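Following: one structure in structure tokens, then a few remarks.
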């Protein structure tokens, strides 16, 4: 089962370009669209490509020789190797459009799992979120609030306000286009599976 969470999806034409083309530089940025759970909006990220303020630069594509050079440098550094991930490539003017960064989706179970695992930030009140979602009404309200009250809302703009040049980065993956009913939370629609989520959370959580 495909889950829409903290993932990158890349257009097939972009992958073919990476496979077949001779890249100008040692590293190439992605130029990804970040809708932050709202396919009618775009987020202005911290790390962008040179001339597109709403295009996320990671993930970085390396030529293999450059990747090996970075790994060798990291292996001999005091801090050791860290994978060589670059949020800002040396030349942000080199990028390929055709990717979407599906982070912060307003899916109730995925949001709770992300807070529980807290892989990239300090843990939030995951238990409080679980209690809130332990009824069907609460789960539906939580789903709506994940979009309406996102901590990123001040950095979001409707895609209709983007220039034609900026809209070139927009790309909706085929699995969202062909089956929106499977991912209703990405289209601002109620998710019937919230009833199951609420019932399971009510079983797991001790009564107060």
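Residue numbers (the working numbering): 119 to 326. Even for Gly, the Cβ is constructed at its ideal location relative to N, Cα and C. Given the structure is predicted, the values throughout are model-derived calculations rather than measurements.
| query | Helix, strand or coil: which one does DSSP assign to residue 224? | reply | coil
| If you draw a straight line from the C-alpha of residue 199 to the C-alpha of residue 295, how long is it? | Per-residue confidence for residue 199 stands at a pLDDT of 48, beneath the threshold of 50, marking its modelled position as unreliable; the derived number appears in the next sentence. Rounded to the nearest angstrom, the two C-alpha atoms are 39 Å apart.
| message | Under 8 Å, with one C-beta from each stretch per pair, do the stretch 282 to 293 and the stretch 151 to 160 reach the 3-pair mark? | response | yes
| request: Pull up the distance between the alpha-carbon of residue 186 and that of residue 147, whole angstroms please. | output: 18 Å
| request: Would you tell me roughly how many angstroms separate the C-alpha atoms of residue 131 and residue 283, rounded to the nearest one? | output: 19 Å
| message | Once the 5 residues before and after residue 222 are set aside, which same chain residues still bring their CB inside 6 Å of it? | response | 154 and 155
| Looking at C-alpha atoms only, which residue of 320, 215, 321 and 269 is the closest neighbour of residue 169? | 215
| query | Nearest CA to the CA of residue 274: which residue from 137, 150, 134 and 163? | reply | 163
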